[in-house]
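Asks: In my numbering, each residue's number is its place in the sequence shown (first place is 1) plus 79. Even for Gly, the Cβ is constructed at its ideal location relative to N, Cα and C. These numbers were taken from a predicted model, which means no experiment stands behind them. Have a look at this one.
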Amino acid sequence: MWCIHTALRHSLPTSDSPMPTPPDLPTPIELTPAVIQRVREGVAIAQNPIVRQHITQDLDALSAMATGRVDSRVSGRFRRWLMRRFIKTCFRVQIENPQYIPTAPNVLTANHLSHLDPFLILAFVPPHPYYYILGDARTLYNKRWKRWLVGWAGGVIPLERWWKEEIAVMAAAQADRPDLADLADTIQRDVPNGSSIQQMRQIDQAVQTLLSRGDGLMIFPEGRLGEREGQMHPLKRGTVLYAMRSGVPITPIAIIGTQDLYFRKRLTLRFGPPVQVPHQPRPKRQAIDDALAQLEQAFAALLPTDYQAPPGPKFLSHWLNHLFW
80 MWCIHTALRH SLPTSDSPMP TPPDLPTPIE LTPAVIQRVR EGVAIAQNPI VRQHITQDLD
140 ALSAMATGRV DSRVSGRFRR WLMRRFIKTC FRVQIENPQY IPTAPNVLTA NHLSHLDPFL
200 ILAFVPPHPY YYILGDARTL YNKRWKRWLV GWAGGVIPLE RWWKEEIAVM AAAQADRPDL
260 ADLADTIQRD VPNGSSIQQM RQIDQAVQTL LSRGDGLMIF PEGRLGEREG QMHPLKRGTV
320 LYAMRSGVPI TPIAIIGTQD LYFRKRLTLR FGPPVQVPHQ PRPKRQAIDD ALAQLEQAFA
380 ALLPTDYQAP PGPKFLSHWL NHLFW
């Protein structure tokens, strides 16, 4: 997941503009053969006309939503029933602090360890408010069953952007890896980098609309998958921006156990008290930073400090860990 507001600092490239320079990565990524293969697969998804069609359709639906049209979506109650049936079949789930589970419009936030995470949350929050998932477009549509599920259920907001691995490839090609030059050129040519002002406005207007009409937003504020249980990457500002502009609270959730999945593993959703942020349609930078610091403190209080994976056999580990990628 990625915060669109980090891209608002950049202008939309024109046809006469040079290709954008890949941004610096907060931490270096080792370009192993597996990582490069993942990048090639991601590029192929971006080039897939069927994926492109689904992304365009959902973005058009967001524009329609912002003008007041009712969007197509399955009922929240049925969606929760379906997710819960699958989750409870495969895993054992523990809910902590259920008194903090929200029942009014809010921005639902969580650490992000697996592509299973949004489905896990949807299985155990109330059907109302109806949560829209702000998610990476290629991860949402990269498999046929996902395209069918998303098309049928609705409730997603696709974000197009460069992956951190793609940024690493482009940086390496500019530095000391001429063997990656062709791949880097293909990324810059065929993969949207997330700087489309039109798309950002579509998404921003849709988010304001759905929160104002009583729905909720689910977002993973790290902007990418975490690497270890109990640890988070720095949070993006988009989460608090959405909440401040709409005047809704932020609900933090610690997800525990999803970094390595296997059959019947115990997973935990630990809800925290809502983070109240000031309602400011045009928040100042200091107010945004203060709200972000509040959210970081809330996660620090929820995340485990000494997580230990349960012992025992890990049945269906490979299948479950790759099912949602």
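Decide if Glu109 is buried, meaning its Cβ has at least 16 other Cβ atoms within 10 Å, or exposed.
Replies: Glu109 is exposed by the Cβ-count criterion.
Asks: Out of Ser151, Leu201, Lys363 and Leu340, which has the shortest C-alpha to C-alpha gap to Asp180?
Replies: Rather than Asp, the amino acid found at residue 180 in this sequence is Ile. Minimum Cα distance to Ile180 is reached at Leu201.
Asks: Can you give me the Cβ contacts of Gln387 inside the same chain, cut-off strictly under 8 Å, excluding the 5 residues immediately before and after it?
Replies: There are no such residues.
Asks: Using DSSP bridges, identify the partner residues of Arg345.
Replies: In DSSP, Arg345 forms a bridge with Arg171.
Asks: Mark Met80 as exposed unless 16 or more other C-beta atoms lie within 10 angstroms of its C-beta, in which case mark it buried.
Replies: Low per-residue confidence applies at Met80: pLDDT is 41, beneath 50, and the placement is therefore not dependable, though the value from the model is reported in the following sentence. So Met80 counts as buried.
Asks: When burial is assigned at 16 or more other CB atoms within 10 Å of the CB, is Leu381 buried or exposed?
Replies: Result: buried.
Asks: If you check the beta carbons only, do Tyr211 and Gly234 fall under 8 Å apart?
Replies: Closer than 8 Å, so yes.
Asks: Three or more C-beta pairs under 8 Å: does that hold for the stretch 259-269 against the stretch 151-160?
Replies: Not touching, per the Cβ criterion.
Asks: Do you know whose CA, among Ile334, Lys393 and Arg292, lies nearest Leu195's CA?
Replies: Among Ile334, Lys393 and Arg292, the Cα nearest to that of Leu195 is on Ile334.
Asks: Does Ile334 come out as helix, strand or coil in the three-state DSSP assignment?
Replies: Ile334: strand per DSSP, three-state reduction.
Asks: Quick one: any contact between the stretch 134-142 and the stretch 230-245, if contact means 3 or more CB pairs under 8 Å?
Replies: The stretch 134-142 vs the stretch 230-245: in contact.
Asks: Within 10 angstroms of its Cβ, does Val122 collect 16 or more other Cβ (buried), or is it exposed?
Replies: Burial call: buried.
Asks: Pick helix, strand or coil for Gln387, following the three-state DSSP scheme.
Replies: Coil.
Asks: Can you tell me which of the three DSSP states Thr182 falls into?
Replies: Looking at Thr182 - three-state DSSP - the assignment turns out to be coil, as it is neither helix nor strand.
Asks: Residue range of the alpha helix (DSSP H) that Met249 falls in?
Replies: It spans Lys243 to Ala254 - the alpha helix (DSSP H) in which Met249 sits, taken as one unbroken run.
Asks: Can you tell which of Gly214, Asp258 and Trp227 has the C-alpha that lies nearest to the C-alpha of Arg240?
Replies: Looking at the Cα atoms, Gly214 is the closest of the given residues.
Asks: Who does Ala189 pair with in a DSSP beta bridge?
Replies: Answer is Ile332, bridged to Ala189.
Asks: What whole-angstrom Cβ distance do Cys169 and Phe342 have, given they're in contact under 8 Å?
Replies: Going by Cβ atoms, the distance from Cys169 to Phe342 rounds to 6 Å, so yes, they are a contact pair.
Asks: Give me the Cβ distance between Ser193 and Gln365, rounded to the nearest whole Å; I'm assuming they're in contact under 8 Å.
Replies: Between Gln365 and Ser193 the Cβ distance is about 34 Å, and since that is not below 8 Å, they are no contact.
Asks: For Ala379, which option in Pro362, Arg171, Asp258 and Pro352 has the closest C-alpha, if you only look at C-alpha atoms?
Replies: Comparing Cα positions, the closest option is Pro352.
Asks: Residue range of the beta strand (DSSP E) that Asp215 falls in?
Replies: Looking at the DSSP string, the run of the beta strand (DSSP E) that includes Asp215 is Tyr210 to Asp215.
Asks: Counting pairs of Cβ atoms below 8 Å between the stretch 270-287 and the stretch 241-255, do you hit three or more?
Replies: They touch, by the three-pair rule.
Asks: Pairing CB atoms from the stretch 368-377 with CB atoms from the stretch 316-329, are three or more of them under 8 Å?
Replies: Yes, since at least three Cβ pairs between the stretch 368-377 and the stretch 316-329 fall closer than 8 Å, the two stretches touch.
Asks: So does Tyr179 have its beta carbon nearer than 7 Å to some heavy atom of the ligand PLP?
Replies: Looking at this structure, you won't find the ligand PLP or any other ligand, since it has none at all.
Asks: Under the three-state reduction of DSSP, which class applies to Gly273: helix, strand or coil?
Replies: Gly273 falls in the coil class under three-state DSSP.
Asks: When burial is assigned at 16 or more other CB atoms within 10 Å of the CB, is Glu308 buried or exposed?
Replies: Buried, because 16 or more other Cβ atoms sit within 10 Å of the Cβ of Glu308.
Asks: Leaving out five residues before and five after Met323 in sequence, what residues of the same chain have Cβ atoms less than 6 Å from its Cβ?
Replies: Within the same chain, Met323 has close Cβ partners Val356, Gln359 and Pro362.
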